Amino acid sequence: VAQIGAIQREISTTKIRKNEIKHSSHFRKPINVLYQELAQHQEWARRLREMVLEKERAVETAPSFMRAEAQKVLLATEQRLARCEAALLK
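Residues in the sequence shown are numbered from 1090 upward in steps of one, following our numbering.
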């Protein structure tokens, strides 16, 4: 009974499947494009690491009344770097 129901569902969706976009090789990006995108993301991560170092130095050298703001900026930059590195792992 369950198999008959499954077959009926498959038959009823054949028209929909004919019209949907297929994920075949012509929709995939060429390997060289993927490597270029990876290199771009790695460059962004490198630049963000440099920004984190700059912001750390800014926190160290900031006067006490500006230190809280410098720490907020540092935290935001560190979060951007974390998101960037997480995206690289995907």
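Heads up, the beta-carbon is just placed ideally off N, CA and C, and yes, glycines get one too.
Because the structure is a prediction, the values reported are computed rather than measured.
Run of the alpha helix (DSSP H) containing residue i, from where it starts to where it stops
{"i": "R1106", "result": "1103-1108"}
{"i": "A1151", "result": "Run containing A1151: none; DSSP gives neither H nor E here."}
Exposure label - residue i; buried when at least 16 CB within 10 Å
{"i": "L1177", "result": "exposed"}
{"i": "K1104", "result": "exposed"}
Own chain, CB closer than 8 Å to residue i, minus 5 neighbours either side, in chain order
{"i": "A1157", "result": "none"}
{"i": "A1159", "result": "K1144, A1147, V1148, A1151"}
Residues near residue i by beta carbon distance below 7 Å, same chain, minus five either side
{"i": "P1119", "result": "none"}
Spatial neighbours of residue i in its chain, beta-carbon cut-off 6 Å, leaving aside the 5 residues before and after
{"i": "V1162", "result": "K1144"}
- Query: Do the region 1161-1173 and the region 1133-1144 touch if we need at least three Cβ pairs shorter than 8 Å?
  - Reply: yes
- Task: Would you check if the region 1140-1151 and the region 1160-1168 touch, i.e. whether three or more CB-CB distances between them fall below 8 Å?
- Result: yes
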